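Chains as they are written, first to last, in the working numbering: chain A, 894 to 1073; chain B, 1040 to 1149.
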């Protein structure tokens, strides 16, 4: 792979596409955007595999790239939205300002989809680090230690992040209008 | 609207338990390779597209004109350099500073 071996890259994509796509989808909550960012993640992997020193597991490295790329995409999208809003004040934009429709994850059991839709909306409002910890733990099923490795932080910090994330989510969900 | 009960909130918080991974559309590797090729071949065309934009092209032209004007005007005000002075001295030595007249010689010319 480090020698630019195409067969090895194909193998890597086929073996890890699920974990990358599912992680990205958890952050972006939009299948089309998630597909686009997943491709970007693998392009970055192809270009920077030489920098991978093997100090962490390959999966940890991939998760890091997936999380960073997703957050970058969200920031860019927010900036675009703000710009479109400013343009709309001058009556000079055709960009829709409304939020995207509710997200339904295809992997959630049918009888839980309505609840999951409400939860995804609440998760999108969490502070960034709490959101990363919650998404990796709940959607990818990573252990606290694995989450700590991806976030390059301590186990106790992850425990604290997840505890605060649950408190915040509970507070948001108590509001009956939180499901939009 | 009533507040949600603690049981309902717990059900919402647990709604992701046991979920399955979502998978991307098939042939992801093929699409990645196509995108890679597109991005590699698109480098020059992107640069040309950028340069051909009217605002960029106009700004570049203006900059070029301003640079030319600066070079021309700053050159005319510069004091004569040492080589210019040497050239002028040579010209004086050889009488090149005199206006040459090529009038036809008449008979009464001494």
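Built from N, CA and C at the ideal position, the CB exists for glycine as well. Just so you know, these numbers come straight off a predicted model, no measurement behind them.
Asked                                                                                                                                                                                           : Found
When Cβ atoms are compared, which residues of the stretch 913-938 of chain A fall closer than 7 Å to chain B?                                                                                   : 914, 915, 918, 928, 931, 932, 935 and 936
Residues of chain E with a CB under 8 Å from the CB of residue 1101 of chain B: which are they?                                                                                                 : Among the chains of the structure shown, chain E does not appear; the protein chains present are A and B.
Determine whether the beta carbon atoms of residue 1032 of chain A and residue 923 of chain A lie at a separation below 8 Å.                                                                    : no
Mapping the DSSP letters down to three states, classify residue 1062 of chain B as helix, strand or coil.                                                                                       : coil
Give me, in chain order, the residues of the same chain whose beta-carbon lies closer than 8 Å to that of residue 1089 of chain B; leave out the 5 immediate sequence neighbours on both sides. : 1095
Within 10 angstroms of the Cβ of residue 1073 of chain A, are there 16 or more other Cβ atoms? Answer buried if so, exposed if not.                                                             : Reliability of the predicted coordinates at residue 1073 of chain A is poor, the pLDDT of 45 falling under 50, and no value is obtained from them.
So what does DSSP say about residue 998 of chain A, is it helix, strand or coil?                                                                                                                : coil
Measuring only between beta-carbons, confirm whether residue 911 of chain A sits less than 8 Å from chain B.                                                                                    : yes
Is the shortest distance between the beta-carbon of residue 906 of chain A and the beta-carbons of chain B less than 8 Å?                                                                       : yes
Could you pull the start and end residues of the alpha helix (DSSP H) that residue 914 of chain A belongs to?                                                                                   : 899-921
Taking only three categories from DSSP, how would you classify residue 1073 of chain A?                                                                                                         : Residue placement at residue 1073 of chain A cannot be trusted, given a pLDDT of 45 that sits under 50; the coordinates are not used to answer.
Please report the distance separating the alpha-carbon of residue 1058 of chain A from that of residue 1102 of chain B.                                                                         : 55 Å
Flag this pair as touching only if the stretch 1047-1056 of chain A and the stretch 937-957 of chain A have three or more C-beta atom pairs under 8 Å; answer yes or no.                        : no
Which runs of the alpha helix (DSSP H) fall wholly inside the stretch 998-1043 of chain A and span at least 4 residues, in chain order?                                                         : 1006-1016 and 1021-1032
Considering only C-alpha positions, which residue in the set A/948, A/933 and A/952 is nearest to residue 908 of chain A?                                                                       : A/952
Could you tell me how far apart the beta carbons of residue 1102 of chain A and residue 997 of chain A are, in whole angstroms, since I believe they sit closer than 8 Å?                       : In the structure displayed, chain A extends from 894 to 1073; residue 1102 of chain A sits before or after that span and is not available.
Only counting the same chain, and skipping five residues up and downstream in sequence, which positions put a Cβ closer than 8 Å to that of residue 928 of chain A?                             : 914
Give, in chain order, every residue of the stretch 1025-1042 of chain A whose Cβ lies closer than 7 Å to some Cβ of chain B.                                                                    : 1031 and 1032
Quick one: list the residues of chain B neighbouring residue 1067 of chain A, beta-carbon separation under 8 Å, in chain order.                                                                 : 1042, 1043 and 1048
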